[in-house]
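Numbering (our numbering), first residue to last: 539 to 879.
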């Protein structure tokens, strides 16, 4: 019965296409960080679709709709917390994937576009994090919305979308909801498709020191099977945490005060704002993602030895130390006003 079912699925769904050869080393966890990121993005998509059915993206109804979701919607509190925890998890996996890929210098010819697609994916995930924070529409969410307005005013024409002057027909909260639930996910899907297509046709970058190195001694189906197992374990852990540590919501927002700190992945930007003011939220992320985009252009030598980046590697280390320091400053420093609410 099991064998006939497997044969039926293989014939109808062409699952044999997953049996192409890949380096055997890719069954290790360090080569599954990108896949785990994709898995968590799938969890975020499914939970986000559920949350959107109960959310009212208007200034007068948003906070009450979140309260309804938490207290009355079936499994609403658990699904919302799972969404929140998965968002934090995807930040961890995509950062680890980016750092490991950088260390292996897997951005070198012919994989420059693969790297650029991955960096843009990380940037879109960052935008999804900050737009998702707004949708809470408690004091933290309201202050995040005020940061969007301040950023829009600072950048003039380029940021006009994030100001109330863009259109009187809809609120900025409604537009950010649309950005979070439609435009950004579409861009994300396109970049994931490009990223996976390039990996499939250019191959997975491996190192000579990684066991078999570039020798293709395994099959991709084994990689996906192990990835599914790790993904289910991760889902189980997050699911249990969502029961044990439910994510709450603050009081309805009060205009004119700035007293909260952002979601933990954004605390380094908050720390930079403590130093540079509101410009920090624009200059900091822009500088980091710009550096990541130009890495393949700066490190163009023929040598592909992992960790041998030269001055580019030292610059990356300095930026990493700076981010960690700013994160600690944002985490443990006192709350400050940045946008003149």
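Glycine residues also receive a C-beta, built at the ideal position from the N, C-alpha and C atoms. All figures in this text were calculated on a predicted structure; none of them were measured in a lab.
In whole angstroms, what separates the C-alpha of residue i from that of residue j?
{"i": "residue 704", "j": "residue 683", "result": "15 angstroms"}
{"i": "residue 664", "j": "residue 607", "result": "25 angstroms"}
{"i": "residue 604", "j": "residue 641", "result": "41 angstroms"}
{"i": "residue 809", "j": "residue 867", "result": "5 angstroms"}
{"i": "residue 581", "j": "residue 542", "result": "31 angstroms"}
{"i": "residue 776", "j": "residue 623", "result": "7 angstroms"}
{"i": "residue 750", "j": "residue 564", "result": "The predicted model places residue 750 with a pLDDT of 46, which falls under 50 and marks its position as unreliable; any figure quoted below should be read in that light. Looking at the two C-alpha atoms, the distance is approximately 10 angstroms."}
{"i": "residue 616", "j": "residue 838", "result": "48 angstroms"}
{"i": "residue 552", "j": "residue 728", "result": "23 angstroms"}
{"i": "residue 735", "j": "residue 598", "result": "44 angstroms"}
{"i": "residue 841", "j": "residue 869", "result": "39 angstroms"}
{"i": "residue 782", "j": "residue 846", "result": "44 angstroms"}
{"i": "residue 557", "j": "residue 813", "result": "53 angstroms"}
{"i": "residue 614", "j": "residue 693", "result": "38 angstroms"}
{"i": "residue 610", "j": "residue 586", "result": "17 angstroms"}
{"i": "residue 774", "j": "residue 675", "result": "29 angstroms"}
{"i": "residue 811", "j": "residue 850", "result": "26 angstroms"}
{"i": "residue 628", "j": "residue 578", "result": "6 angstroms"}
{"i": "residue 572", "j": "residue 632", "result": "7 angstroms"}
{"i": "residue 576", "j": "residue 687", "result": "31 angstroms"}
{"i": "residue 872", "j": "residue 654", "result": "36 angstroms"}
{"i": "residue 540", "j": "residue 772", "result": "27 angstroms"}
{"i": "residue 732", "j": "residue 648", "result": "14 angstroms"}
{"i": "residue 695", "j": "residue 817", "result": "16 angstroms"}
{"i": "residue 859", "j": "residue 567", "result": "25 angstroms"}
{"i": "residue 760", "j": "residue 570", "result": "12 angstroms"}
{"i": "residue 836", "j": "residue 730", "result": "25 angstroms"}
{"i": "residue 715", "j": "residue 591", "result": "12 angstroms"}
{"i": "residue 854", "j": "residue 864", "result": "15 angstroms"}
{"i": "residue 741", "j": "residue 763", "result": "19 angstroms"}
{"i": "residue 779", "j": "residue 621", "result": "11 angstroms"}
{"i": "residue 825", "j": "residue 546", "result": "52 angstroms"}
{"i": "residue 893", "j": "residue 550", "result": "Lying outside 539 to 879, the shown extent of the chain, residue 893 is not represented and no answer is given."}
{"i": "residue 801", "j": "residue 601", "result": "18 angstroms"}
{"i": "residue 634", "j": "residue 548", "result": "34 angstroms"}
{"i": "residue 593", "j": "residue 848", "result": "50 angstroms"}
{"i": "residue 722", "j": "residue 711", "result": "15 angstroms"}
{"i": "residue 877", "j": "residue 612", "result": "38 angstroms"}
{"i": "residue 821", "j": "residue 815", "result": "10 angstroms"}
Starting from residue i and walking both ways along the alpha helix (DSSP H), at which residues does that stretch end?
{"i": "residue 829", "result": "818 to 836"}
{"i": "residue 602", "result": "600 to 609"}
{"i": "residue 657", "result": "650 to 672"}
{"i": "residue 853", "result": "849 to 870"}
{"i": "residue 925", "result": "There is no way to answer for residue 925, as the model of the chain reaches only from 539 to 879."}
{"i": "residue 688", "result": "677 to 692"}
{"i": "residue 731", "result": "722 to 740"}
{"i": "residue 716", "result": "710 to 716"}
{"i": "residue 707", "result": "No alpha helix (DSSP H) contains residue 707, which DSSP labels as neither H nor E."}
{"i": "residue 542", "result": "540 to 551"}
Can you round the beta-carbon distance between residue i and residue j to whole angstroms, since I take them to be within the 8 angstroms contact cut?
{"i": "residue 707", "j": "residue 596", "result": "Residue 707 to residue 596, Cβ: 13 angstroms. No contact."}
{"i": "residue 785", "j": "residue 875", "result": "Residue 785 to residue 875, Cβ: 26 angstroms. No contact."}
{"i": "residue 560", "j": "residue 758", "result": "5 angstroms"}
{"i": "residue 804", "j": "residue 668", "result": "6 angstroms"}
{"i": "residue 794", "j": "residue 718", "result": "With a Cβ gap of about 26 angstroms, residue 794 and residue 718 do not count as contacting."}
{"i": "residue 574", "j": "residue 767", "result": "Actually they are not in contact, since the Cβ atoms of residue 574 and residue 767 sit about 11 angstroms apart, beyond 8 angstroms."}
{"i": "residue 833", "j": "residue 638", "result": "No, residue 833 and residue 638 are not in contact; Cβ-Cβ is about 14 angstroms, not under 8 angstroms."}
{"i": "residue 673", "j": "residue 656", "result": "That belief does not hold up - the Cβ atoms of residue 673 and residue 656 are roughly 26 angstroms apart, past 8 angstroms."}
{"i": "residue 662", "j": "residue 725", "result": "6 angstroms"}
{"i": "residue 823", "j": "residue 807", "result": "6 angstroms"}
{"i": "residue 700", "j": "residue 689", "result": "6 angstroms"}
{"i": "residue 844", "j": "residue 643", "result": "6 angstroms"}
{"i": "residue 618", "j": "residue 589", "result": "6 angstroms"}
If you measure from the beta carbon of residue i to each beta carbon in chain C, is any gap under 7 angstroms?
{"i": "residue 701", "result": "Among the chains of the structure shown, chain C does not appear; only one protein chain is present."}
Taking DSSP's pairing of strands, which residues face residue i in a bridge?
{"i": "residue 559", "result": "757"}
* Ranges of the alpha helix (DSSP H) found wholly within the region 567 to 640, counting only runs of at least 4 -> 571 to 590, 600 to 609
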